[in-house]
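As structure tokens, the structure follows; a few thoughts come after it.
There are 2 protein chains.
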Amino acid sequence: MSKKPDIEKNESTEEKIKEAARAVFTRKGYAATRTRDIAEESGYNLALINYYFRSKEKLYDIIMLEHLQTFLHSIMDILNDADTTLFQKIEVLVGHYIDMLIKNPALPLFIINAVNADPDKLITGIGADKIHQENLVIVKQWKEVAAAKKLAIHPVHIMMNMVSLTIFPFMGSPLIRNRTKLSIEEFNALMLERKKLIPVWIKAILNAEV
Amino acid sequence: MSKKPDIEKNESTEEKIKEAARAVFTRKGYAATRTRDIAEESGYNLALINYYFRSKEKLYDIIMLEHLQTFLHSIMDILNDADTTLFQKIEVLVGHYIDMLIKNPALPLFIINAVNADPDKLITGIGADKIHQENLVIVKQWKEVAAAKKLAIHPVHIMMNMVSLTIFPFMGSPLIRNRTKLSIEEFNALMLERKKLIPVWIKAILNAEV
DNA sequence: GTCTATATACGGATAGAC
DNA sequence: GTCTATCCGTATATAGAC
Chain B
1 MSKKPDIEKN ESTEEKIKEA ARAVFTRKGY AATRTRDIAE ESGYNLALIN YYFRSKEKLY
61 DIIMLEHLQT FLHSIMDILN DADTTLFQKI EVLVGHYIDM LIKNPALPLF IINAVNADPD
121 KLITGIGADK IHQENLVIVK QWKEVAAAKK LAIHPVHIMM NMVSLTIFPF MGSPLIRNRT
181 KLSIEEFNAL MLERKKLIPV WIKAILNAEV
Chain F
1001 MSKKPDIEKN ESTEEKIKEA ARAVFTRKGY AATRTRDIAE ESGYNLALIN YYFRSKEKLY
1061 DIIMLEHLQT FLHSIMDILN DADTTLFQKI EVLVGHYIDM LIKNPALPLF IINAVNADPD
1121 KLITGIGADK IHQENLVIVK QWKEVAAAKK LAIHPVHIMM NMVSLTIFPF MGSPLIRNRT
1181 KLSIEEFNAL MLERKKLIPV WIKAILNAEV
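Top to bottom, those sequences are chains B and F. First residue of the first sequence: 1, per the working numbering; consecutive thereafter. First residue of the second sequence: 1001, per the working numbering; consecutive thereafter.
As structure tokens, then:
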């Protein structure tokens, strides 16, 4: 056996601080979190934050990029899958995001605020160039469908609809839950329903008379 | 004529500071704005902020409540209008909000962040009690439609859909505009299209086979 | 690596001159 | 009412002991 201690399951101090930072930054945003909050949440001393991460901002950047990665993870594979139809992609995409958002409901607000605070930083970090490729499989498939249906509406409407219907309820959940008196479990159950519903609705929207 | 000076069109110092505060708070949020930013934006000195508003937080509260009022202004009248049908209400509501959001696109993010930072403060300030009344005209109308259509889906889905489709694109606009290379004018034109489209889509959703 | 103590900077607020 | 100068708490960051 190696010399690694059998308390190996405990993460390193560095990792614990990062987790604490993720928790606090995600909840309160950059400006409102104090390094002291992170230290307290981690169980370690304030000085260790700088020892491991040099500065609050560097630590924040790490968390931000990780969140971005979580948010975009595997989406390119879905968008570029030659073996699925457009509507299958929509189903997979919506399902993927709802599962992810139930685990991580604060993510969209965090990311939108980050983009708002410093658009360039995020948008370049996004690897966004790749995403806008005109030769993504989904874009080609979309063009075929649009041509077949002789759609008069701008394609970004459909994209916005899909994203809006999927993501917004999570951003509004504090207000929605307060107004509706739904528990978190009931709310999440509704979100899971939307995995089936949103693709159906998107189809209905595409077929709607305008 | 009165003794008022003919430079009357210039607002008072107090009002100018409030406008500056509105601009900065709305753009950067509470924690990230410094009173010095507001002073600079207003053209006046830092000390005057405290002279007129006592503290950063009191000034923020004023801005926040004004924004909330803008956001909810006249919505109760629409919701409670006995002379319009349910779908007319949806049309009016969506149109009202899109017009308002084109003028004030940063509002939803500001409000959601405010709710997030301090749920109780906002939710009580909202006069939220009134909004949840079961005897609003729109609620009654909704129940009739739901009964007639024997809808299997939870009514909050429909509410979430309407709000999501209307509001989210504005919150995501920095990212959307970057990805699509749309100008602000083009983006706003799309939003205006949605005044007609969203009600149609809501109907389509209501009639969709599930 | 982890702590305590401290340097240094920044931001909100006020005193006091004009 | 408006300004300059300054106070003082708080937050980030670092020095240095263990």
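Ideal placement from N, C-alpha and C gives every residue a C-beta, glycine not left out.
Check: Does DSSP classify B/K89 as helix, strand or coil?
Finding: Counting from 1 along the first sequence, the entry for residue 89 of chain B is found at position 89. Here B/K89 sits in helix by DSSP.
Note to self: Considering Cα atoms alone, identify which of B/K150, B/V156 and B/L192 is closest to B/P169.
What the structure shows: Within the first sequence, the letter at position 169 stands for residue 169 of chain B. Ranking the options by Cα distance to B/P169, first place goes to B/L192.
Next item on the list: Alpha carbon to alpha carbon, how far is B/I198 from F/K1150? Give it in angstroms, no decimals.
Entry: For this step, residue 1150 of chain F is matched to residue 150 along the second sequence. For this step, residue 198 of chain B is matched to residue 198 along the first sequence. If you take the alpha carbons of F/K1150 and B/I198, they lie about 19 Å apart.
Notebook entry, point to check: If you run the structure through DSSP and keep just helix, strand and coil, what is B/D61?
Noted result: In the first sequence, residue 61 of chain B corresponds to position 61, counting from 1. B/D61: helix per DSSP, three-state reduction.
Checklist line | Cross-chain neighbours of F/T1180 in chain B, by beta carbon under 7 Å | finding: Numbered from 1 along the second sequence, position 180 holds the residue referred to as residue 1180 of chain F. V156, listed in chain order.
Checklist line | Integer-rounded CB distance, given that F/L1107 should sit under 8 Å from F/H1067 | finding: Mapped onto the second sequence, residue 1067 of chain F falls at position 67. Mapped onto the second sequence, residue 1107 of chain F falls at position 107. Contact flag correct, Cβ pair sits at about 6 Å.
Note to self: Using only the alpha-carbon positions, how far apart do F/D1077 and F/F1087 sit?
What the structure shows: Here residue 1077 of chain F refers to the residue found at position 77 when the second sequence is read from its first residue. Here residue 1087 of chain F refers to the residue found at position 87 when the second sequence is read from its first residue. Each residue's Cα considered, the two are about 15 Å apart.
Next item on the list: Hey, could you find the ends of the alpha helix (DSSP H) F/Y1030 is sitting in?
Entry: Numbered from its first residue, the second sequence carries residue 1030 of chain F at position 30. Segment T1013 to A1032, the alpha helix (DSSP H) holding F/Y1030.
Check: How many whole angstroms separate the CB atoms of F/L1109 and F/V1115, which I take to be in contact at a CB cut-off of 8 Å?
Finding: Residue 1109 of chain F sits at position 109 when you count from the first residue of the second sequence. Residue 1115 of chain F sits at position 115 when you count from the first residue of the second sequence. At roughly 11 Å, the Cβ-Cβ gap does not stay under 8 Å, so F/L1109 and F/V1115 are not in contact.
Next item on the list: Tell me whether B/N161 is buried or exposed, calling it buried when 16 or more other Cβ atoms sit within 10 Å of its Cβ.
Entry: The sequence position of residue 161 of chain B within the first sequence is 161, counting from 1. Its Cβ being crowded by 16 or more others within 10 Å, B/N161 is buried.
Item checked: Nearest-angstrom Cβ-Cβ length linking B/I75 and B/R194, presumed shorter than 8 Å -> As a working note, residue 75 of chain B is residue 75 in the first sequence. As a working note, residue 194 of chain B is residue 194 in the first sequence. B/I75 to B/R194, Cβ: 18 Å. No contact.
Check: Where does F/F1071 fall in DSSP's three states?
Finding: By 1-based counting over the second sequence, the position of residue 1071 of chain F is 71. Three-state result, F/F1071: helix.
Check: Taking a cut of 8 Å between CB atoms, which residues from the stretch 1186–1208 of chain F lie near chain B?
Finding: L1190, E1193, R1194, K1196, L1197, V1200, W1201, K1203, A1204, I1205, N1207 and A1208
Check: Given that a residue counts as buried once 16 or more other Cβ atoms are within 10 Å of its Cβ, and exposed if not, what is F/K1140?
Finding: What you label residue 1140 of chain F is simply residue 140 of the second sequence in a count that begins at 1. The residue in question, F/K1140, is exposed, as its Cβ has fewer than 16 Cβ neighbours within 10 Å.
Check: Exposed or buried, B/I63, counting other C-beta atoms within 10 Å across all chains shown (16 or more means buried)?
Finding: Counting from one through the first sequence, the residue named residue 63 of chain B turns up at place 63. The residue in question, B/I63, is buried, as its Cβ has 16 or more Cβ neighbours within 10 Å.
Next item on the list: Could you work out which residues of chain F lie near B/F170, taking near to mean beta carbons separated by less than 7 Å?
Entry: Translated into positions along the first sequence, residue 170 of chain B becomes position 170. The contacting residues do not exist; B/F170 stays about 10 Å from chain F at best.
Notebook entry, point to check: Is DSSP giving B/K150 helix, strand or coil here?
Noted result: Numbered from 1 along the first sequence, position 150 holds the residue referred to as residue 150 of chain B. In this structure, B/K150 counts as coil in the three-state DSSP scheme.
Notebook entry, point to check: What does B/V94 touch in chain F if you count any residue whose Cβ is under 7 Å from its own?
Noted result: Mapped onto the first sequence, residue 94 of chain B falls at position 94. Result: empty, since nearest Cβ-Cβ is about 13 Å, beyond 7 Å.
Next item on the list: Run down chain B in chain order and give the residues with a C-beta less than 9 Å from the C-beta of F/A1031.
Entry: Counted from its first residue, the second sequence places residue 1031 of chain F at position 31. Ordered by position in chain B, the residues that pass the 9 Å Cβ test against F/A1031 are K28, G29, Y30, A31, A32 and T33.
Next item on the list: Counting only the same chain and skipping the five closest in sequence on each side, list residues whose C-beta sits under 8 Å from that of F/D1118.
Entry: By 1-based counting over the second sequence, the position of residue 1118 of chain F is 118. The answer is none, since no qualifying residue turns up.
Note to self: Please confirm whether F/L1068 has its beta-carbon closer than 8 Å to some beta-carbon of chain B.
What the structure shows: The sequence position of residue 1068 of chain F within the second sequence is 68, counting from 1. For F/L1068, the answer is no, since every Cβ of chain B falls outside 8 Å of its Cβ.
Next item on the list: May I have the straight-line CA-CA distance separating F/A1023 from F/N1080, to the nearest angstrom?
Entry: The residue given as residue 1023 of chain F occupies position 23 in the second sequence. The residue given as residue 1080 of chain F occupies position 80 in the second sequence. Distance between the alpha carbons of F/A1023 and F/N1080 is about 33 Å.
Checklist line | For B/A47 and B/L59, the rounded distance between their alpha carbons | finding: Stepping through the first sequence from its first residue, residue 59 of chain B is reached at position 59. Stepping through the first sequence from its first residue, residue 47 of chain B is reached at position 47. So the two alpha carbons sit approximately 13 Å from each other.
Next item on the list: Tell me whether F/H1096 sits in a helix, a strand or coil according to DSSP, three-state version.
Entry: Counting from 1 along the second sequence, the entry for residue 1096 of chain F is found at position 96. F/H1096: helix per DSSP, three-state reduction.
Notebook entry, point to check: What is the C-beta distance between B/Y52 and B/I17, in whole angstroms, given that I count them as a contact (C-beta under 8 Å)?
Noted result: As a working note, residue 52 of chain B is residue 52 in the first sequence. As a working note, residue 17 of chain B is residue 17 in the first sequence. Going by Cβ atoms, the distance from B/Y52 to B/I17 rounds to 6 Å, so yes, they are a contact pair.
Check: Buried or exposed: which applies to F/S1012, given that a residue is buried once 16 or more other Cβ atoms fall within 10 Å of its Cβ?
Finding: Here residue 1012 of chain F refers to the residue found at position 12 of the second sequence. Per the 10 Å Cβ criterion, exposed.
Checklist line | Proximal residues of chain B, C-beta to C-beta of F/L1109 below 7 Å | finding: The residue labelled residue 1109 of chain F in the question sits at position 109 within the second sequence. Neighbours of F/L1109 on chain B, chain order: I112 and N116.
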